[in-house]
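Data block below; observations after.
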Amino acid sequence: MPHLSNLLNKLPMFQESRMVASGYGMWISWNGELNPAVVQTLQDYGGLQVEVDRDQALWFFFSPDVFLAAARLSVWAKFNTLQLYAQLFPAKLLFSPKREISCSVEPSLMAQSVIVPDTCQIFVHPKIRGEGRGLPGLTFKPEGTRSGLASVEWASLMVDPRLPYQSSLGWYGVIKPLGNSMEKNFLEGWRQYALEIKKLFERLKIKFLVQDSYLVFQLENLQMLRQWTREHLVLVDNLKADNREAYWPAVVAVTNKRGLNFNPDLPKKMALDWNQLVPDFPHMSFRSGYLLGRSFEVHDVNFSLDASSVDDWCKVTRAANHSEESGMLPVQISKHLIAGSHDHCFYCGMRSHPSHQCPTRFLTQLTPKVWNELAKLNFEEFNKAFEVIESKVNVEDPSTLNDIQTSKGHEGILLNAVYGVNQISQLRMMQHMWVCRGKDFAKGLDEVVPRDDNPVWSALSYVLAGDLLVADKELANLSIRAPRDARPRMLAGFVAMERGDYHKAMMMWKEAEILSGPMLKQAYCVFLQARLLEFTSQFQQASELYSRVLRMCPTMQDAQYRKSVCQVKIGFAEQAMSSLISLVEQTPHYFNRVLIDPEMERGHIQVLSALYAPWVEAESHVEKAVEKLEGLKKEVHEWFDEGSPFFAKCMKRIERMTAASDIKNYVSFMVILHGCRSLSKELDRYITKEANELKKKFQEQRERLNYIREEAAWFPFPRALVEFNKNYNVCAANIKWALNTHFQVADIFKKAQAVAETEEKRLEKLENRLKFLKVVRDSTLFMLIMSRTFFWVEVTFMCIVVVALPLSMFYGEQTGMEWATGLLFKEKWDIQKQLILGFSIFAIIVACIRTVIVFDKVREKYFNKARGVA
Numbered sequence: 000m001p002h003l004s005n006l007l008n009k010l011p012m013f014q015e016s017r018m019v020a021s022g023y024g025m026w027i028s029w030n031g032e033l034n035p036a037v038v039q040t041l042q043d044y045g046g047l048q049v050e051v052d053r054d055q056a057l058w059f060f061f062s063p064d065v066f067l068a069a070a071r072l073s074v075w076a077k078f079n080t081l082q083l084y085a086q087l088f089p090a091k092l093l094f095s096p097k098r099e100i101s102c103s104v105e106p107s108l109m110a111q112s113v114i115v116p117d118t119c120q121i122f123v124h125p126k127i128r129g130e131g132r133g134l135p136g137l138t139f140k141p142e143g144t145r146s147g148l149a150s151v152e153w154a155s156l157m158v159d160p161r162l163p164y165q166s167s168l169g170w171y172g173v174i175k176p177l178g179n180s181m182e183k184n185f186l187e188g189w190r191q192y193a194l195e196i197k198k199l200f201e202r203l204k205i206k207f208l209v210q211d212s213y214l215v216f217q218l219e220n221l222q223m224l225r226q227w228t229r230e231h232l233v234l235v236d237n238l239k240a241d242n243r244e245a246y247w248p249a250v251v252a253v254t255n256k257r258g259l260n261f262n263p264d265l266p267k268k269m270a271l272d273w274n275q276l277v278p279d280f281p282h283m284s285f286r287s288g289y290l291l292g293r294s295f296e297v298h299d300v301n302f303s304l305d306a307s308s309v310d311d312w313c314k315v316t317r318a319a320n321h322s323e324e325s326g327m328l329p330v331q332i333s334k335h336l337i338a339g340s341h342d343h344c345f346y347c348g349m350r351s352h353p354s355h356q357c358p359t360r361f362l363t364q365l366t367p368k369v370w371n372e373l374a375k376l377n378f379e380e381f382n383k384a385f386e387v388i389e390s391k392v393n394v395e396d397p398s399t400l401n402d403i404q405t406s407k408g409h410e411g412i413l414l415n416a417v418y419g420v421n422q423i424s425q426l427r428m429m430q431h432m433w434v435c436r437g438k439d440f441a442k443g444l445d446e447v448v449p450r451d452d453n454p455v456w457s458a459l460s461y462v463l464a465g466d467l468l469v470a471d472k473e474l475a476n477l478s479i480r481a482p483r484d485a486r487p488r489m490l491a492g493f494v495a496m497e498r499g500d501y502h503k504a505m506m507m508w509k510e511a512e513i514l515s516g517p518m519l520k521q522a523y524c525v526f527l528q529a530r531l532l533e534f535t536s537q538f539q540q541a542s543e544l545y546s547r548v549l550r551m552c553p554t555m556q557d558a559q560y561r562k563s564v565c566q567v568k569i570g571f572a573e574q575a576m577s578s579l580i581s582l583v584e585q586t587p588h589y590f591n592r593v594l595i596d597p598e599m600e601r602g603h604i605q606v607l608s609a610l611y612a613p614w615v616e617a618e619s620h621v622e623k624a625v626e627k628l629e630g631l632k633k634e635v636h637e638w639f640d641e642g643s644p645f646f647a648k649c650m651k652r653i654e655r656m657t658a659a660s661d662i663k664n665y666v667s668f669m670v671i672l673h674g675c676r677s678l679s680k681e682l683d684r685y686i687t688k689e690a691n692e693l694k695k696k697f698q699e700q701r702e703r704l705n706y707i708r709e710e711a712a713w714f715p716f717p718r719a720l721v722e723f724n725k726n727y728n729v730c731a732a733n734i735k736w737a738l739n740t741h742f743q744v745a746d747i748f749k750k751a752q753a754v755a756e757t758e759e760k761r762l763e764k765l766e767n768r769l770k771f772l773k774v775v776r777d778s779t780l781f782m783l784i785m786s787r788t789f790f791w792v793e794v795t796f797m798c799i800v801v802v803a804l805p806l807s808m809f810y811g812e813q814t815g816m817e818w819a820t821g822l823l824f825k826e827k828w829d830i831q832k833q834l835i836l837g838f839s840i841f842a843i844i845v846a847c848i849r850t851v852i853v854f855d856k857v858r859e860k861y862f863n864k865a866r867g868v869a
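So the sequence shown is numbered by numbering that gives the first Met the number 0: it starts at 0 and just counts up by one.
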């Protein structure tokens, strides 16, 4: 037996409802198989199937067309067998923030059960009976209370089968091309695209008219709306893929025809900001979007904060092509960061405040590290942080943004990143430019000098305090006193922009460009001019100036990014995607930047869809990279010891990349992919380099060992070299093995590193021992050389004493010298002893001096003679 509570219990439960729609519920139950005509009829009259079970279903209708649908079923049942029970009652349709659908009915209705009759019976609740009485051909027959039903005065629906009971549903649509209607490419592109659209209208037999580059068309019923929406989306996709020349971006809006007339003035009466619509995708009310059925997906439009009613605007895509699984990133930016009643802020791009009230005006420091922090968040944390921002932001209290911006949570990181998207156009970048002395945009920003005492800083304090008139007068005086200083002109441009004098702002920044010396500052001033043109919706001129910025400073990627944003704002999001993806490939942080940019809303679907392909590719490669990381980790263990500095460096990088693999973020994926490739190449280079250095090291060790061998060979006491020779032989054998081995195998490489360290220590020990041996050897040789010299000098002196003394005595006596006959004969032996002693001392001195002088020469002579060197 069907129970209504079984259907209601299957519906999702949520505490907070984003939208609530009051309408009509229809509970149907049947025996056997339900005739498909029943479902088709309910859908054609605007029925939304909320839940279905084996033998019962719950439908919801937004309008009194529920009575017409019931009447059509009743008429059909008169001519066809239909065992069906239907019950109409008041109900509310509930939408959760995640687009889940539930239904709310009176508690007295929830416990109902029914036995399906043999014929078609339709019961109507008394609270909605009055809304059906005004429809022609419908009457109500009181049935009283029934067993199993709620205790109310039910009435059965009686119909006149002669009436058609046509649905009141109907829609009008408008297609508006994007671009400047005065340009040649617009005329050609829109003409070809309009021909394709007209062919579609003619094939579907849809009425249309053309007025001022608009296409206005009429959709008679829900079936036609559903068919046209599907065909239009298919046509756009086919033209983009196969016939790009026939495609032109255009915005599409479909509205309920109640209260409107099918005429050329229809676009003006739709109360819609056409500049905010996303091209290609039909825009309609949530009510109409959900009526299309499950083959379509409904998306929020974030150009308005008023999205709490089913009559608010949404955009529609085909579910098969735009679901999360098949091509769309699951990122939902906070509506308060996008929507608002103001134009886009010059500084941050939001619409929740005017430029002179932007929270970024009071920021003083650049935040390049915020992108690294953002890269640590996955998409789920993105969405949770946006939900926190959505719940905390109060449009009437701008200070809530400041509280979020200073918080340490994910929402603080995300909001700082949103502020950082366009920080080059903010006052903090201007302040940094005043103290910057670099020549390159990226690296040169770190080259700064201390802040000086120029009066322009005082004028800046007036600007930050909101005293724009005082600041303007002060800057005018500064410009007169310092006519060659660009800083007052820069600040004066911001003051004029905040006051709405855009012409003066442009003039001030042009003067600052002329007065700025370094090319970096000139490019910055041109960038501000381009940003002002973009801010005032002069997108073509802005793009040209951004191109000029790139010519002046090719490293200023912000200019390339802003060019793409201009294309998105115009509505040419598809054309902007190629340059954006190229920018993402160069600098992965731009991936996250595109996702959170509040000025990208018009191309939100195209952006999320275009970035899905590189995201999926990166994600698939990361899975392989993580496996490769495990292999690299094992390889590092195989090639290096844990005490090696390179081992510690590699393991630290591997751990960091492994931790990043758990983060579902494109930048983290790129860190892993680039890091894995870099580490693999670095590991190969390091192993090759280390192997070559090991070879050189072993060659040097061999030369040192040869020297040790040659020096030790002259040691005069070989029996004292037993231990020395043992160490020498071991060292020689290991060095010989190393020099005859290739180090391209991990075990051999690792062993060679250990051998190199061991033999280095052994060589140091041998060299220290050799120093002692050389001292003993050289000392022995020195004594031998000195002894030989002393011997010959001593012999010479002895001969002189033996010969000279008698001769002096003889000749002295012959000549009659008194000293010769007296002193020498009396003291002959004493004199001889004194002479021998003196000459011996003199011989020792001479031997020492001569040995010192000739020692090296004599030693080398003996060594060369032993080596066979001439």
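Glycine included, C-beta positions come from ideal geometry on N, C-alpha and C.
On a predicted model such as this, the values are computed, not experimentally measured, just so you know.
One or two residues paired with residue i in a DSSP bridge
{"i": "Gly172", "result": "Phe216 and Val253"}
{"i": "Cys435", "result": "Val447"}
{"i": "Lys140", "result": "Ser155"}
{"i": "Ile100", "result": "Phe94"}
{"i": "Leu704", "result": "Bridge partners of Leu704: none, in fact."}
{"i": "Ile121", "result": "Ala85"}
{"i": "Leu57", "result": "Trp26 and Glu50"}
{"i": "Glu296", "result": "Thr316"}
Of the residues the options, the one placed nearest residue i, counting alpha carbons only
{"i": "Val309", "options": "Lys183, His298 and Phe361", "result": "His298"}
{"i": "Ala624", "options": "Arg676, Phe639 and Ser643", "result": "Arg676"}
{"i": "Lys725", "options": "Thr740, Trp736, Trp58 and Arg708", "result": "Arg708"}
{"i": "Phe748", "options": "His2, Ala90, Ser333 and Glu692", "result": "Glu692"}
{"i": "Gln605", "options": "Ala572, Ser619, Asp596 and Glu654", "result": "Ala572"}
{"i": "Met496", "options": "Lys368, Val369 and Asp471", "result": "Asp471"}
{"i": "Lys9", "options": "Met599, Glu50 and Glu758", "result": "Glu50"}
{"i": "Ser146", "options": "Asp402, Asp159 and Ser112", "result": "Ser112"}
{"i": "Thr118", "options": "Met109, Gln82 and Lys91", "result": "Gln82"}
{"i": "Asp64", "options": "Leu47, Thr316 and Phe790", "result": "Leu47"}
{"i": "Val123", "options": "Lys97, Cys102, Ser150 and Arg98", "result": "Ser150"}
{"i": "Leu947", "options": "Leu148, Arg71 and Glu244", "result": "With the chain running from 0 to 869 in the structure shown, residue 947 is simply not present."}
{"i": "Ala90", "options": "Phe78, Glu99, Pro106 and Val754", "result": "Pro106"}
Coil, strand or helix - residue i by DSSP
{"i": "Phe526", "result": "helix"}
{"i": "Trp26", "result": "strand"}
{"i": "Tyr84", "result": "strand"}
{"i": "Cys649", "result": "helix"}
{"i": "Glu50", "result": "strand"}
{"i": "Trp247", "result": "coil"}
{"i": "Val455", "result": "helix"}
{"i": "Phe854", "result": "helix"}
{"i": "Phe361", "result": "helix"}
{"i": "Ser619", "result": "helix"}
{"i": "Ser322", "result": "At Ser322 the pLDDT is 40, less than 50, meaning the model places this residue with poor confidence; the figure from the coordinates comes in the next sentence. Of the three classes helix, strand and coil, the one that applies to Ser322 here is coil, per DSSP."}
{"i": "Met576", "result": "helix"}
{"i": "Asp746", "result": "helix"}
{"i": "Phe13", "result": "coil"}
{"i": "Ser166", "result": "coil"}
{"i": "Glu352", "result": "Checking the sequence shown, residue 352 turns out to be His, not Glu. Note: His352 maps to coil in three-state DSSP."}
{"i": "Phe280", "result": "coil"}
{"i": "His588", "result": "helix"}
Whole-Å CB distance - residue i paired with residue j, under 8 angstroms assumed
{"i": "Gly172", "j": "Phe200", "result": "The pair is not a contact, with the Cβ atoms about 10 angstroms apart (cut-off 8 angstroms)."}
{"i": "Tyr920", "j": "Leu328", "result": "Residue 920 lies beyond the stretch modelled for the chain, which goes from 0 to 869, so this question has no answer here."}
{"i": "Arg488", "j": "Leu514", "result": "7 angstroms"}
{"i": "Ser333", "j": "Glu389", "result": "4 angstroms"}
{"i": "Tyr44", "j": "Leu7", "result": "So it is not a contact: roughly 23 angstroms between Cβ atoms."}
{"i": "Gly923", "j": "Asp596", "result": "The structure shown does not extend to residue 923, since the chain spans only 0 to 869, so no value can be given for it."}
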